[in-house]
Structures are given as structure tokens and as C-alpha cells.
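Chemist: Let me begin by handing over the structure; questions about it come next.
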Amino acid sequence: MSLKENVYSLLNRKTGLKVNVYVYKGFLVIIFLLMFTECSKNIFQVVPGHWVSDIPFIINHVGLEVVHDNRIYESEHILTFSDASSDEYKIRFATYAERAFSELMQSFKISSARELGIVDQNTKLTVYTIKNLQTMQMAFPYGFLLFGEDSQNYMQWPLEMKYRFYREVKHEMMHVFQFLFGVLPNNEFPRHEPDKWFNEGIAEYVSGGFFIPIKTVEELQKWQKDPDHVNPISVDEWNVIPGGQSRVSEYYPVFGLAVRYLLSSRGMNKSLTDVKNMFLLLAKNKTDFASAFEQFMGLSLVEYRETFFERMELFLEK
Ligand SMILES: [Zn+2]
21 MSLKENVYSL
31 LNRKTGLKVN
41 VYVYKGFLVI
51 IFLLMFTECS
61 KNIFQVVPGH
71 WVSDIPFIIN
81 HVGLEVVHDN
91 RIYESEHILT
101 FSDASSDEYK
111 IRFATYAERA
121 FSELMQSFKI
131 SSARELGIVD
141 QNTKLTVYTI
151 KNLQTMQMAF
161 PYGFLLFGED
171 SQNYMQWPLE
181 MKYRFYREVK
191 HEMMHVFQFL
201 FGVLPNNEFP
211 RHEPDKWFNE
221 GIAEYVSGGF
231 FIPIKTVEEL
241 QKWQKDPDHV
251 NPISVDEWNV
261 IPGGQSRVSE
271 YYPVFGLAVR
281 YLLSSRGMNK
291 SLTDVKNMFL
301 LLAKNKTDFA
311 SAFEQFMGLS
321 LVEYRETFFE
331 RMELFLEK
């Protein structure tokens, strides 16, 4: 029996229909269409937009203006700037940023950008893809600067980091969401913003981890054995860590793990809505991080710090 006859007889048996050549061809067309639809989901869908000019790029909280080439891509929620990137790279960056924006809107159950105060061109987020400029990468209210895929910096990355470029964009977008929820950088005391470990942990968690997440007890124990490593939950500021911000690649995976535990059904079983509500309470400046954390995450910061490694070992063993 030929393959075609096999399919005929199978369809006859399964459907009880008398399958002929037309039904068989129709069947093939449906299979082809299904395959095409599935494949097309993976094709890079460019975000729609248009080119605008004469808008300054300002890092608001420090009042610093960054020069750009004055060819700005405006998409639904975002203005994308650069010093020298091609149109193609700007649009790629805008596409990543819009995608991260809409995924975080869904994760935090926000139905409209209006809720976040994005209503017109003046209130859109501003993101900057750096090609040649010597500047810092950072998130700020309300946008971020990152080295783009066409920068020297990116070209020197190992391949597996290049693969995680989108996660880096989403990591920065998480910081921006925290600002959009009203938790702005401040030097007040008591502090009305989360500790550094939580800021970076939540950004690593929602993005899937720009740095590879810790997945096993062995990886955690190896991390803990380094005499230079301090308890992650004690990292409220970078200066707590020997080496400070130069150690981010060592600390981000363990910060991400700390947040994963809080939000896992096998850990504290909290949700991103709890995280959002914690941010909103902090934004009202009615409380400090320790109190807000205890209220929404179900344990105190002190308890979490003191029991951190025991909790993580049980969590990773499960
Ligand atoms: Zn970060």
C-alpha cells in the first residue's frame, strides 16, 4: 500500500468518511497552513512606527542630556534613540523594547498603558541603543540606555550572552516598570525603594535571567563557599559587596534565585500582583522596604536573611 493509500485508509477509519483525492489534498493544505502559521510566529515581527526628530534624550533623575543622531523611531509606547545605529538596528531595538513592555503589562495585569501614565509622545518611554558612545548602561525614569547589537561592546560578548540580548532589554524594562509604579530612585531615610538584591532579582526573574540562573544545590553551595561572597539578602546597596558593582555577574543569579523562591508555589507562593502592590505602597512613601516586604512577601527581611541558604537548599532539592 502506498503512503497515500495508507493515509486514505487511516482517515476513512478515523472519520468514517469516504476519503477521496480531493479530501486528501484538502487535508494536506490544512496541514501546510497549520505549519506555516506556527513557523510565522517565530519570524521576527518588526514593531510598526515612524521616524521623528528634535526630541532631547534626557536621563531625568540626574538631568543629563545624551547626544544622539536625531533620527528617532517612534512606536506605540516608546521612542528609540541612538548615536549612530542604522535604521535596521534601531527598529530591532524598538521591537525588543515594545515586546518587553507588552509582556510586562500582561505579567503585572495592566490593561492599558494609560494606567502607567503613557498617554502621548511626551510621556512615552525613551530608550537608547548605544553604538559607539562611551557611556554607562542604565535604567532611569523612564527609559534606559544599553549597548546595541551593533556595538563593539556587544561584539566582544561570548555567544551565549548574545543569545540572551532580549533578556537584557527585558531586565532593564523591569526597572522602568518599577519607576512607572512610582518607586523612584531616592536617598531618603528610611528608604522607600527596595534593596538592591530585590531590584536586580526581580529584573532577572521576569527576564528569565541575563546571567544564567542558579538551578541546583551544588551551584548554590559552590557560590556560598566563596569566602568573598556575602549573604545576598544583606545587599541593600552595592557597597555591601566587596568589589561593588563590578561583581554583578556573580550576584545577579543568586538575587534572581531569591526572588524566584518568593514567587514560586514551592516557595512563598507570592505573585507579581503582590510585588506590584508592594511597589505601590512604597511609592506612597508611607513605609520603608522592610515593612512593605514583610507585609507582601510573607516573611521578614531578617528571617529571610538568616534562613536564606537553608530555604534555598530545600527549594532547589524539590
Ligand atoms: Zn539591573
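Be aware that the sequence shown starts at 21, since it is given in the numbering used here, and climbs by one per residue. For every residue, glycine included, the Cβ atom is placed at its ideal position computed from N, Cα and C.
1. Beta strand (DSSP E) containing residue 155: first to last residue?
2. Would you list the one or two residues that DSSP bridges to residue 164?
3. Compare the C-beta of residue 178 against all C-beta atoms of chain B and say whether one is closer than 8 Å.
4. Taking buried to mean at least 16 other C-beta atoms within 10 Å of its own C-beta, is residue 238 buried or exposed?
5. Do the CB positions of residue 298 and residue 275 come within less than 8 Å of each other?
6. Hey, is the stretch 247-256 in contact with the stretch 159-171, meaning 3+ C-beta pairs nearer than 8 Å?
7. I'd like to check one pair, residue 324 with residue 283: are the Cβ atoms closer than 8 Å?
8. Buried or exposed: where does residue 322 fall if 16 or more other Cβ atoms within 10 Å of its Cβ makes it buried?
9. Does the pairing of the stretch 91-102 with the stretch 139-151 give three or more beta-carbon distances under 8 Å?
10. Going by beta-carbon coordinates alone, are residue 261 and residue 271 separated by less than 8 Å?
11. Mapping DSSP to helix, strand and coil, what is residue 336?
12. To the nearest angstrom, how far is it from the Cα of residue 74 to the Cα of residue 181?
13. Judging by CA-CA distance, which residue of 314, 97, 194 is the nearest neighbour of residue 127?
14. Rounded to the nearest angstrom, how far is the Cβ of residue 159 from that of residue 192, given a contact under 8 Å?
15. As a quick exercise: from 178, 230, 197, 220, pick the residue whose alpha carbon is nearest that of residue 184.
16. When you compare each of 190, 119, 307, 154 to residue 164 by their alpha carbons, which one comes out closest?
17. Would you list, in sequence order, the uninterrupted beta strand (DSSP E) runs of no fewer than 3 residues that lie entirely inside the stretch 107-151?
18. Residue 61 to residue 123, Cα distance in whole Å?
19. Does ligand 1 have a heavy atom nearer than 7 Å to the CB of residue 220?
20. Rounding to the nearest angstrom, what Cα-Cα distance links residue 294 and residue 268 in this structure?
21. Tell me which same chain residues have a C-beta within less than 7 Å of the C-beta of residue 68, skipping the five on either side of it?
Modeler: The short version:
1. Run containing residue 155: none; DSSP gives neither H nor E here.
2. 147, 159
3. Chain labels in this structure do not include chain B; a single protein chain is all it has.
4. exposed
5. no
6. no
7. No, the Cβ-Cβ distance between residue 283 and residue 324 is not below 8 Å.
8. exposed
9. In short, these stretches touch, since the Cβ pair count reaches three.
10. Going by C-beta atoms, residue 261 is nearer than 8 Å to residue 271.
11. helix
12. Cα-Cα distance, rounded: 34 Å.
13. 194
14. 5 Å
15. 230
16. 190
17. 145-150
18. Its pLDDT being 44, under 50, residue 61 is placed unreliably in this model, and the coordinates cannot settle the point.
19. At least one heavy atom of ligand 1 is found less than 7 Å from the C-beta of residue 220.
20. 26 Å
21. 95
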